[in-house]
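Chains as they are written, first to last, in our numbering: chain A, 12 to 157; chain B, 65 to 530.
Some notes on the structure that comes next.
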Amino acid sequence: MKRRLFIKKAAISLATFTGVMVAISYLRQFFPRLAGKKRRIALGDPRQFPVDTYTFMDEHNLFVYRDHEGIKAVTAVCTHLGCILEKSTDGFECPCHGSCYNNDGEVLSGPAPRDLTWYQVSKAADGKIVVDPGKSVQAGDKLLTT
Amino acid sequence: MERESSGKSSMIPDHPEEGDRKERVGKITRNFFLHIHATRVHLYSMKPTYTFGLGIILGFLFLIMVFTGVILMIYYTPSVETAYQSVKDIVYIVPGGRIIRNMHRWASQGMVIVVFMHLLRVFYTGSYLGNRSLNWVIGVVMLILILLSNFSGYLLPWDQLAYWAVTIGSNIAASARELTDLLGITSVIDPGGFLKKLLIGGETVGQPALSRFFTLHVIFLPLSMLVLMGVHFWRIRKDGGLSRPLRYAGDKGGTNKWYAWPVLMWTELAILILVVTGVLLIALLADAPLLEKANPSFPENPAKSPWYFLGIQELVSYSAFAGGLLVPLLYLGFLFSIPYKDREDKYVGEWFSGKKGLKLVLRSAGFALVLVIIQLFIMVRFGGLRDWIPGVSQWFVLLINPATFTALLFFVVAEVTRKKMKSTRMAALVLFTCSFVALVVFTVVGIWFRGPNWEFFWSASQWPIQ
């Protein structure tokens, strides 16, 4: 290989390598590192929730349901485009595009692609209840309080 | 332009004396900014009924946006804690701030209206033909940039409208998940989540989203637009001035051309004055809306995007992925492909490609109108697929709805036209007209006929009281 050709090839390879590395590390900055695990939410004493009622927790966008047997929690975020659901008489309704869910969070009508997610509810050592949005459970599962 | 010609090649050329000629050429060539124009411009380009001055109006509106935007930027703080209050300060405390904000808002909406009118003008006069394909593509890119600028500016006041419009918007970006979920590959490859993260820098709209949108709105988008505007104007010069019919194609030198100075300059100055006056008047008469501060727990009901996105919002109410991503992308793909699919240069510069084309356009418009209204009637009266077959697979909800059905049918009709009339230009006329009419109908329905829970109402006076 002639010296001139070698230098040319080396220069091009080096420039390409540098260019790609710069591009990757630059573009990488547009994607922030997010916390992988979702934080658990402490909801306090289960007895504060009225019985046979869906209580909306506005800071966490959750519905907490309590009956005589136990307590469960479901997301209040519509699976369609992320609006916050309203409780209707026999389910949940989205104000943005009219998706309807039943009390188990299953889609009845409208554009929502998925059923609502129920979150695991557990009891902390001090007796207060904790919701874990990172762990989903079946619609019927509840934390027994009796 | 009282000396309007009667057509053919008998337009009245401008023949000044030699000394006067030098003077008039010099006025343009000696000035950096005026030399954006050629020293002589074809008479056809100056026909008001050919261009309606839409391009230059857009340019002037952009200037208004920059001038008013700079003032707003001085007083605005892009932080979730103080953004809303700073906008309130602009409206209620800064002297003249309310007018500046109104001008900014109304000029931006003016840009959306005028850019679509410009699109219609350029398409229906066949001005993408000849060697103008690249400039058409640049134009469509700028149309997208204008819409993005509007959308990103929408979040900045951090009021209820802003928050929920952008929440919905970012989830439309993420709606590719609807497809990947169905395929069961979201955990492996998640383009929806990728796009959403790029857009708002998190899972929900918050400070990262505001910072990103602010940067987009004040630096990235205006700068990109400025560069593309330069290229757009430069291409016009390179392509031999604005488009004109083939019978004038050979007009070189002095034939049928006027000196840009002074007629064109005065015309443009007049347009500038009219545009500024118009925006100022509207700003004095109507206030830009500002709702309550953003509340991440309670969406407005109905939560409506800015009016020019309500067509898409109507489509996403059938399916987020199909209506918010698939069909709009197909539409953009169609717009980009027009100058490469249709190469029938004989139609350049002719409104609607003559009588035959006009008839076709009117028939397509009527057809699209009826078709879309029938589908809307069915959706409103009998509900969607889920109401007919409870528990139907998400695949069908995604694939069979007014958004996809309309797109498919229009495409078939255009393809049939192409085969039958043996003309790509005629097919383009059909598809363009149909899709534009559909866009208008969906938008009108979204604006005036949708109420709480996105239910159909004949008028807002029938909305239930909450």
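A virtual CB, placed ideally from N, CA and C, is assigned to each residue, including glycine.
Is it true that the CB of residue j sits closer than 8 Å to the CB of residue i?
i      : j      : result
B:L328 : B:M110 : yes
A:V85  : A:W129 : yes
B:N320 : B:Q224 : no
B:V343 : B:W522 : no
A:L154 : A:I52  : no
B:Y382 : B:G448 : yes
A:I95  : A:N72  : yes
B:L399 : B:V204 : yes
B:L336 : B:F124 : yes
B:A581 : B:E242 : The structure shown has nothing for residue 581 of chain B, since chain B only spans 65 to 530.
B:L220 : B:F278 : yes
B:F496 : B:F187 : yes
B:L354 : B:V151 : yes
B:G190 : B:R489 : yes
B:L274 : B:W222 : yes
Under three-state DSSP, which class holds residue i?
i      : result
A:K49  : coil
B:R67  : At B:R67 the pLDDT is 43, less than 50, meaning the model places this residue with poor confidence; the figure from the coordinates comes in the next sentence. Here B:R67 sits in coil by DSSP.
B:F521 : coil
A:Y76  : strand
A:G81  : strand
A:F60  : coil
B:K357 : strand
B:R514 : strand
B:D351 : coil
B:L306 : coil
A:H155 : Checking the sequence shown, residue 155 of chain A turns out to be Leu, not His. Correct three-state label for A:L155: strand.
B:D451 : helix
B:D315 : coil
B:K72  : Its pLDDT being 44, under 50, B:K72 is placed unreliably in this model, and the value from its coordinates should be taken loosely. DSSP places B:K72 in coil when its eight states are reduced to three.
A:A123 : coil
B:N365 : coil
B:S251 : coil
B:H101 : coil
Going by DSSP, name the residue or residues bridged to residue i.
i      : result
B:H106 : B:K321
A:G102 : A:S99 and A:N113
A:W129 : A:V85 and A:V148
A:Y65  : A:Y76
B:D406 : Beta-bridge pairing links B:D406 to no other residue.
A:G55  : A:I140
A:K134 : A:I140
B:D153 : Answer is none; B:D153 lacks a bridge partner.
I need the boundaries of the beta strand (DSSP E) containing residue i, first residue and last residue.
i      : result
B:P255 : That residue, B:P255, is in no beta strand (DSSP E); its alpha helix (DSSP H) goes P255 to I264.
A:G145 : I140 to V148
A:S120 : V118 to S120
Could you pull the start and end residues of the alpha helix (DSSP H) that residue i belongs to?
i      : result
B:E242 : A240 to L247
B:K86  : E82 to T93
B:P112 : P112 to T115
B:E145 : Per DSSP, B:E145 belongs to no alpha helix (DSSP H) and is neither H nor E.
A:K13  : It is not in any alpha helix (DSSP H) - A:K13 carries neither H nor E in the DSSP assignment.
B:Y192 : Taken as a continuous stretch (DSSP letters only), B:Y192 belongs to no alpha helix (DSSP H), as it is neither H nor E.
B:G294 : L285 to K302
B:L219 : S197 to L219
B:I376 : L374 to V380
B:L470 : The identity of residue 470 of chain B in the sequence shown is Thr, whereas the question assumes Leu. Per DSSP, B:T470 belongs to the alpha helix (DSSP H) from P466 to M485.
A:R44  : From DSSP, A:R44 is part of no alpha helix (DSSP H); its letter is neither H nor E.
B:Q458 : Q458 to L463
B:W228 : Q224 to A237
B:S428 : G418 to F446
If you pair each beta-carbon of the segment 197–209 of chain B with each one of the segment 491–506 of chain B, do three or more pairs fall below 8 Å?
no
Hey, is the segment 305–321 of chain B in contact with the segment 412–427 of chain B, meaning 3+ C-beta pairs nearer than 8 Å?
yes
Specify whether the segment 288–301 of chain B and the segment 159–168 of chain B touch according to this definition: at least 3 beta carbon pairs, one from each stretch, less than 8 Å apart.
no
For the structure I just gave you, are there three or more beta carbon pairs, one from the segment 369–379 of chain B and one from the segment 505–514 of chain B, closer than 8 Å?
yes
I want to know whether the segment 202–218 of chain B touches the segment 337–351 of chain B - three or more CB-CB distances under 8 Å.
no
Counting beta carbon pairs with one atom in the segment 427–442 of chain B and one in the segment 469–478 of chain B, are three or more of them shorter than 8 Å?
In short, these stretches touch, since the Cβ pair count reaches three.
Could you tell me whether the segment 19–26 of chain A touches the segment 34–48 of chain A, where touching means 3 or more Cβ pairs closer than 8 Å?
no
Could you check whether the segment 449–462 of chain B touches the segment 121–140 of chain A, counting it as contact only if at least three pairs of C-beta atoms, one from each stretch, sit closer than 8 Å?
yes
Three Cβ pairs or more, each shorter than 8 Å: is that satisfied between the segment 52–64 of chain A and the segment 137–154 of chain A?
yes
Taking 8 Å as the cut-off, does the segment 83–90 of chain B touch the segment 164–180 of chain B (at least 3 CB pairs, one atom from each stretch)?
Not touching, per the Cβ criterion.
Three CB pairs or more closer than 8 Å across the segment 356–372 of chain B and the segment 106–119 of chain A
Three or more beta-carbon pairs drawn from the segment 356–372 of chain B and the segment 106–119 of chain A are found closer than 8 Å, and the two stretches are therefore classed as touching.
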